[in-house]
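Visitor: Here you go, one structure.
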Ligand code: FAD
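Next comes the structure, spelled out in structure tokens:
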């Protein structure tokens, strides 16, 4: 069995990947319903995250930095910022957020083009 720290890091990697990818695919101009869906997802993510300590710390960060959901870019930058707050606490390097949308391209751009047709 892998060391606990390795398992925790892998869970973090996978979780952040999904988290940032969802934010980078959030609509450019979200409807109130789409805003609510993302707000619910973020709140639930914090509630169900399986590392208890992580979840507790993240809930505190969410209070301090409430989700910014007015547009795709705003949401993606907010997500980058809150991850940087976790990085700071764990003494990790700050991530450069300036290319966040490109960094989390999921290859699903075509889906969006189809929706607009
Ligand atoms: P990660 O932080 O997992 O990041 C993965 C990749 O994302 C990086 O390699 C980089 O390419 C990119 N990245 C880095 N920063 C950003 C950013 N700001 N925006 C966008 N992309 C970025 N671990 C603990 O030990 N204690 C905790 O309290 C804790 N709390 C956590 C809370 C949450 C909500 C989550 C999801 C994870 C938490 N973790 C915690 C795990 C921790 O954040 C890392 O995932 C883990 O330490 C592995 O780190 P890493 O260096 O591989 O990169």
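In this note's numbering, the protein residues as written are 2 to 118.
Glycine included, each C-beta is placed from N, C-alpha and C at the ideal position.
1. Kindly indicate which three-state DSSP category residue 86 falls into: helix, strand or coil?
2. Determine, using beta-carbon pairs with one atom in the region 44-51 and one in the region 101-112, whether at least three such pairs fall under 8 Å.
3. At a cut-off of 7 Å, would you count residue 107 as near the ligand FAD, judging by its Cβ distance to the nearest heavy atom?
4. I'd like to check one pair, residue 68 with residue 25: are the Cβ atoms closer than 8 Å?
5. Identify the continuous alpha helix (DSSP H) that holds residue 103 and give its terminal residues.
Guide: So, from the listed chains and residues:
1. By 1-based counting over the chain shown, the position of residue 86 is 85. In the structure shown, residue 86 sits in a helix (DSSP, three-state: H, G or I).
2. no
3. Translated into positions along the chain shown, residue 107 becomes position 106. It does not: the Cβ of residue 107 is nowhere closer than 7 Å to a heavy atom of the ligand FAD.
4. Taking the chain shown and counting its residues from 1, the one referred to as residue 25 is at position 24. Taking the chain shown and counting its residues from 1, the one referred to as residue 68 is at position 67. Contact annotation: residue 25 and residue 68 have beta-carbon atoms that are not nearer than 8 Å.
5. Counted from its first residue, the chain shown places residue 103 at position 102. Its alpha helix (DSSP H) spans residues 101-104.
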